[in-house]
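Colleague:
There are 2 protein chains.
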Amino acid sequence: MTKIHLLMKKEDIKEEKMAVGNKVAVVLDVLLATTTIVSALKDGAKEVIPVLHSHEALVAAKEYSEDEYILAGELDAKPITGFVYPSPTFIRESIKGKTLILSTTNGTVALRRSALASKVYIGSLLNNPAVASALKNVTDDQTILIICSGNSGETSLEDFYGAGHLIDCLLMNSKYELTDAAKTALYFYRGQEDAYEILLDSYVGSLLEKHNQNADLKVAASKGITSIVPILIEGRVTVESSLTR
Amino acid sequence: MTKIHLLMKKEDIKEEKMAVGNKVAVVLDVLLATTTIVSALKDGAKEVIPVLHSHEALVAAKEYSEDEYILAGELDAKPITGFVYPSPTFIRESIKGKTLILSTTNGTVALRRSALASKVYIGSLLNNPAVASALKNVTDDQTILIICSGNSGETSLEDFYGAGHLIDCLLMNSKYELTDAAKTALYFYRGQEDAYEILLDSYVGSLLEKHNQNADLKVAASKGITSIVPILIEGRVTVESSLTR
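Top line first, the protein sequences correspond to chains L and Z.
Using our numbering, the letters of the first sequence map in sequence onto residues 1 to 245.
Using our numbering, the letters of the second sequence map in sequence onto residues 1001 to 1245.
#1: Would a check of beta-carbon distances place G1191 of chain Z closer than 7 Å to chain L?
#2: For D180 of chain L and L1199 of chain Z, I'd like the C-alpha separation in whole angstroms.
#3: Could you give the residue range of the beta strand (DSSP E) that holds T1162 of chain Z?
#4: S149 of chain L: which of L:L171, L:Q213, L:L116 and L:I122 sits nearest, CA to CA?
#5: Mind checking K1009 of chain Z: buried by the 16 CB within 10 Å criterion, or exposed?
#6: I want to see whether chain Z comes within less than 7 Å of D76 of chain L, judged by CB atoms only; does it?
#7: Are the CB atoms of D1043 of chain Z and I1095 of chain Z within a distance shorter than 7 Å?
#8: Can you give me the C-alpha to C-alpha distance between I70 of chain L and T99 of chain L, rounded to a whole angstrom?
#9: List the DSSP bridge partners of S1103 of chain Z.
#10: Once DSSP output is grouped into helix, strand and coil, what is the label at P86 of chain L?
#11: Are any of the Cβ atoms in chain Z nearer than 7 Å to that of K250 of chain L?
#12: Using CA coordinates, which residue listed in L:K136, L:D67 and L:E47 is at the minimum distance from V239 of chain L?
#13: Could you give the uninterrupted runs of the beta strand (DSSP E) lying entirely in the stretch 88-150 of chain L, keeping only those of 3 residues or more?
#14: Run through the stretch 1188-1240 of chain Z for me and flag every whole alpha helix (DSSP H) of 4 or more residues, listed as ranges in chain order.
#15: Decide if H165 of chain L is buried, meaning its Cβ has at least 16 other Cβ atoms within 10 Å, or exposed.
#16: Hey, out of L:A221, L:R112, L:S103 and L:D12, whose CA is closest to T81 of chain L's CA?
#17: Let me know the secondary structure DSSP gives L6 of chain L once reduced to three states.
#18: What residue range is occupied by the uninterrupted beta strand (DSSP E) comprising L1028 of chain Z?
#19: In this structure, how does DSSP classify K78 of chain L when only helix, strand and coil are distinguished?
#20: Only counting the same chain, and skipping five residues up and downstream in sequence, which positions put a Cβ closer than 8 Å to that of A1132 of chain Z?
#21: Using a cut-off of 8 Å between C-beta atoms, extract the partners of L246 of chain L located in chain Z.
#22: Does the Cβ of H1055 of chain Z have 16 or more other Cβ atoms within 10 Å, making it buried, or fewer, making it exposed?
#23: Identify which residue in Z:L1031, Z:S1222 and Z:T1105 has its Cα closest to the Cα of S1152 of chain Z.
#24: Per DSSP, what are the beta-bridge partners of E1177 of chain Z in this structure?
#25: Would you mind telling me which residues of chain L sit closer than 9 Å to S1202 of chain Z, beta carbon to beta carbon, in chain order?
#26: Using 7 Å as the limit for Cβ to Cβ distance, is Y1196 of chain Z near chain L?
What follows is the structure in structure tokens.
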């Protein structure tokens, strides 16, 4: 039976272990990076390039002409000069057909640290049901590793909720062996109906509310609104074609 | 307002951080070390000496004559030659008036790594309500740090449940500021009525059941059966006198 395991924060990712044991990773940063990625692709972005920091973003941008990309980022939740704040609602207006170069404190770093897994999917409340469907073909010898980005070394409520949501979706399709960590998130999720309330109750959610970004919280809380399944291949996130699954 | 924070596993303990910020630690290893400690003190043990490994246990034993102590331990859940298996029901029969020298894979190591906190309490489902009462006098500038021992680097279902139980008990007495990690355990706990079912569903619990140790699972699941509040001071765990609180 395929095993489902869960990491609570990006600091728990051991890069040397990602390449062994046939792991299929799903990275979650519900507030906000992976929500932003899914949302941008849904809004017509050509691709997303997740980077480790703003310097790498600027280097990546040099490969494009000015009208081909959007540079978005934050560091410890603060804006970066010259970057669009990585909010789904800000980015929506101008992303169609463009490349999103994205630098965030947790989510994009978690994605990059997971790159050695055999596949790396991007999850969020928006597309977890679709990601769960894409994982139907995972074989018994593989492990589905759900990676919560967390918040600067700490567990975050919203990612834990997102992980529980994904596991709940997975179990609708098939049987899996759950580790204790996976069970904690599943049981937690099943006790909490209202995604928006949980997001609002989280540390990052309360900051977003304080800065009048409730629109982003509402986007992030929208369970299952898209069938997009983004996948990270060679440093670029694109929508996985159903033919390649 | 006093903050409550939670660490998911002993590997998240940063010893250099324990000594700063006026931290009051509560260490949990529901299956089984902290349950064994609480249970042994309830059964009349004079004190408990938590050690890092069997060699240290043997060195510690040299300070006692043969009828003054019991040597108990496991390594990766397996028995250690010459040591009693650290099961509350095994130890009960012969612990009265004696020192328990205890070597375990997770719980005693977590305790030792937490030793630099301003106070270190030992929690379990048995005595969490009593520990919560002992914490009534914690001041606003202090942080209550709940430490799940976990299982060899992984989150364990039973410790997460125990942490939620402790937080639930704390909130009956007073108001606290909860970090996201603390909230995950609380909300999880509140959705799961039956402690025994959770313990049985955990990885370690399923191993104990396989080895016919259901009696220990039942002991570990007994919420609030004792008012004992064990505290670690200079390497020794004794029952905190209510006069010293």
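For each residue, glycine too, the CB sits at the ideal point set by N, CA and C.
Remember, it's a predicted structure, so these values are computed and weren't measured experimentally.
Modeller: The short version:
#1: So, interface residue.
#2: Rounded to the nearest angstrom, the two C-alpha atoms are 11 Å apart.
#3: For clarity, residue 1162 of chain Z is Gly in the given sequence; the question names Thr instead. For G1162 of chain Z, no beta strand (DSSP E) encloses it; the enclosing alpha helix (DSSP H) starts and ends at L1157 to N1173.
#4: Checked all of L:L171, L:Q213, L:L116 and L:I122; the closest Cα to S149 of chain L is L:I122.
#5: Classification for K1009 of chain Z: buried.
#6: Not a single CB atom of chain Z sits nearer than 7 Å to the CB of D76 of chain L.
#7: Contact flag set, yes.
#8: Taking the straight line from one Cα to the other gives about 6 Å.
#9: In DSSP, S1103 of chain Z forms a bridge with Z:V1051 and Z:G1073.
#10: P86 of chain L: coil per DSSP, three-state reduction.
#11: Shown here, chain L extends from 1 to 245; a query on residue 250 of chain L therefore has no answer.
#12: Selected option, being the one with the closest Cα: L:E47.
#13: Qualifying beta strand (DSSP E) stretches, in chain order: 99-103, 119-123 and 143-148.
#14: Within the stretch 1188-1240 of chain Z, the complete alpha helix (DSSP H) runs of at least 4 residues are 1195-1201, 1203-1210 and 1214-1220.
#15: That one is buried.
#16: When each option's Cα is compared against that of T81 of chain L, the closest is L:S103.
#17: L6 of chain L: strand per DSSP, three-state reduction.
#18: Where L1028 of chain Z is concerned, the enclosing beta strand (DSSP E) starts and stops at K1023 to L1028.
#19: Here K78 of chain L sits in strand by DSSP.
#20: Taken in chain order, the residues that qualify are L1166, C1169, L1170, M1172 and N1173.
#21: Outside the displayed range of chain L (1 to 245) lies residue 246 of chain L, so it cannot be described from this structure.
#22: Exposed: under 16 other Cβ atoms inside 10 Å.
#23: Per the Cα distances, Z:T1105.
#24: Beta-bridge partners of E1177 of chain Z (DSSP): Z:K1003.
#25: Here the neighbours are D180 and K183.
#26: Not closer than 7 Å to any Cβ of chain L, the Cβ of Y1196 of chain Z fails to qualify, so no.
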